[in-house]
Amino acid sequence: MRKLELHWQILIGMVAGLVVGLVLNLAGPGLSAAIGTEGPLHAVAMFVVHLNDFVGDLFLRLLRFIAVPIVLFSLVVGASSLNDLQKLSRIGGRTIAIYLVTTALAITTGLVLADLVQPGHWVSAELRDTLAATGVAAAADKIDKAVAPDVWATLLDIVPANPFASLASGNMLQVVFAALAIGVALTLVPRDKAEPVIRVADGLTETIIKLVHLVMLTAPIAVFALIVRVIATLGLDVLGALLVYTTTVVAGLAVMMGVVYPGLLRLFTGMGLRRFYGAIAPAQLLAFSSSSSSATLPVTMECVDERLGCGEDVTSFVIPLGATINMDGTALYQGVAAMFIAQIYGLDLGVTAQLTIVLTATLASIGTAGVPGVGLIMLVIVLQSVGMPEDVMKGGIAIIFSVDRLLDMCRTTCNVTGDCMVAAVVAHAEGDLLTEAQVATRLAKADAAGLDENP
Ligand code: ASP
């Protein structure tokens, strides 16, 4: 019997996590009373909770462990194999242009939806004040962390003063820059000097890819642990109260993933929905469970290169860059959230303010690492840019904070999907995109050679 494919296993882990998390959530008060605050039952319960946290966090840590080396080595190899600089600048130019356009498109979708649905009008003034009062501390913390981006400083910061420090701190844009610079320089030094370096980088890339496969074998259990934790602690009553707002965000993300991306893919590559989503499903499931496009990065690269057939050159450039600068889901969410907050406090955000939101949210996403909850911090910058009064901003952030984790899971999935779509478009434009049959043959060959665990 053929083993169930890994993405189905992950899906099963996720659904099981949802069910168990929901049961724990609903049984919460009764369960806590039965367990008590001391005694053997309490000790066992605490052990299970800690074990669950440990499994989830260990998995995320392993993925982070892989992220920097895989980007560094594969990009050095990728850049050094592009024997004309023109190709590199073409890929770079296309990638950045499409990223900016799709991000702007996403915020616009969010703004239009929020204008149509008016989610803020479904929250009464009493409910607003009650919800705002419960999240003040969290809101103050987010506001403190938000620092408005300075475009020049952000651009300057792409170039590391010390590449080793960038590697150590995992600053992805700087790692991309350093790897590109080394890769390009390798094409300019004598072949006998460059060859051994490239071979080492190539061997290390293979090795890290093997690590990704191994780590991914534990994904079903880890995803279960991550999802249980989130769902068990979710405030279901607040979720119910903010249902129109959350549904608006989720509907917008569905428009991006179900209409905009498939449309662009069909238009520019002729690729169908089934092939695209079949290939990137593991990355999407992981993005959803971890709420982090940075942690998902190694798996996204694997899916895009091996399962979608975009080729290493394009993958190693487009995907790491996307995990940092392309956050369509986050941008869309910020559009809806800004309008929602304005609506519940009776403020009017006109066309100029909405255009400012498009601009600020696009800029804010550049240079911000894809980690859980960062979208909410960036939202503070967006709200500040339209001159929202401090107390309104605090109240608004406090209200939406309670449902942020759930929306974070959904928007991270969209962020990762957007990166994969752009990789396919750029690879196709470069003539590097394999056909479905070629991908299948390559995977079958690797399978037969026992080289691939098929993430
Ligand atoms: N968690 C998201 C990501 O990693 C960013 C966000 O908070 O919206 O892509």
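So for the sequence shown, our numbering puts the first residue at 1; every next one is plus one. Ideal placement from N, C-alpha and C gives every residue a C-beta, glycine not left out. Note that the structure is predicted; figures quoted are calculated from it, not measured.
Nearest neighbour of VAL151 by Cα position, chosen from VAL386, CYS410 and SER365, turns out to be SER365. Sequence-distant partners of ASN326 (beyond 5 residues in either direction) whose C-beta falls short of 8 Å from its own C-beta, in its chain, are TYR99, THR102, THR103, SER365, ASN415, GLY418, ASP419 and VAL422. Counting C-beta pairs with one atom in each stretch, the segment 204-220 and the segment 298-317 have three or more that are closer than 8 Å, which means they touch. The beta carbon of VAL151 sits no closer than 7 Å to any heavy atom of the ligand ASP. The Cβ atoms of GLU306 and ILE91 lie no closer than 8 Å to each other.
About 14 Å separates the beta carbon of VAL228 from that of ILE10, a gap too long to meet the 8 Å contact definition.
Between ILE400 and the set ILE344, VAL371 and ALA427, the nearest pair of CA atoms involves ILE344. Here ALA369 is actually not in contact with SER290; their C-beta atoms are around 13 Å apart, not less than 8 Å. When C-alpha distances from THR352 are compared across ALA251, SER385, VAL68 and VAL49, the shortest belongs to SER385. Here the distance from the Cβ of PRO320 to the nearest heavy atom of the ligand ASP is not below 7 Å. A contact is defined here as three or more CB-CB pairs under 8 Å, and the segment 108-118 meets this definition with respect to the segment 330-339.
The shortest CA-to-CA distance from LEU359 to any of ALA146, GLY329, LEU180 and LEU105 is the one to LEU105. GLN284: member of the alpha helix (DSSP H) spanning 273-290, first to last residue.
Distances from the CB of SER293 to the heavy atoms of the ligand ASP include at least one below 7 Å. In this structure, the C-beta of ASP328 stays at least 7 Å away from each heavy atom of the ligand ASP.
Within the same chain, CYS303 and CYS420 come within 6 Å of ILE280 by CB-CB distance, once the 5 residues on both sides are set aside. Spatial neighbours of GLN284 in its own chain (CB-CB distance under 7 Å, excluding positions within 5 residues in sequence) are listed in chain order as THR413, VAL416 and THR417. Assignment of ASP432 by DSSP, reduced to helix, strand and coil, places it in the coil class. In this structure, ARG405 has its beta carbon at no less than 7 Å from each heavy atom of the ligand ASP. A distance criterion of 7 Å places the beta-carbon of ASP419 beyond contact range of the ligand ASP, judged by its closest non-hydrogen atom. The beta carbons of ALA219 and LEU308 sit about 18 Å from each other, so the pair does not count as a contact at 8 Å. For GLY170, the Cβ stays outside the 7 Å cut-off from all heavy atoms of the ligand ASP. In the structure shown, CYS310 adopts coil according to DSSP, grouped into three states.
Residue burial is scored here from C-beta neighbours: HIS50 has fewer than 16 other C-beta atoms within 10 angstroms and is therefore classed as exposed. In the three-state scheme derived from DSSP, where H, G and I count as helix and E and B as strand, MET46 is classed as helix. Around the C-beta of VAL76, 16 or more other C-beta atoms lie within 10 Å, and the residue is accordingly described as buried. In the structure shown, the three-state DSSP call for ASN326 is coil. LEU6 sits away from MET172, with the two beta carbons spaced by 8 Å or more. The Cβ atoms of HIS428 and PHE276 lie no closer than 8 Å to each other.
CA-CA distance, ASP141 to SER124, rounds to 26 Å. Look at PRO372: its beta carbon is less than 7 Å from one of the heavy atoms in the ligand ASP. The way I'd put it, the segment 227-247 does touch the segment 20-38; three or more beta-carbon pairs between them come closer than 8 Å. With three or more CB-CB distances shorter than 8 Å, the segment 160-177 counts as touching the segment 58-69. The alpha helix (DSSP H) runs lying completely inside the segment 350-396 and spanning 4 residues or more are 351-365 and 374-385, given in chain order. Rounded to whole angstroms, ALA132 and ASP408 show a C-alpha spacing of 20 Å. For THR412, the shortest separation between its Cβ and any heavy atom of the ligand ASP lies below 7 Å.
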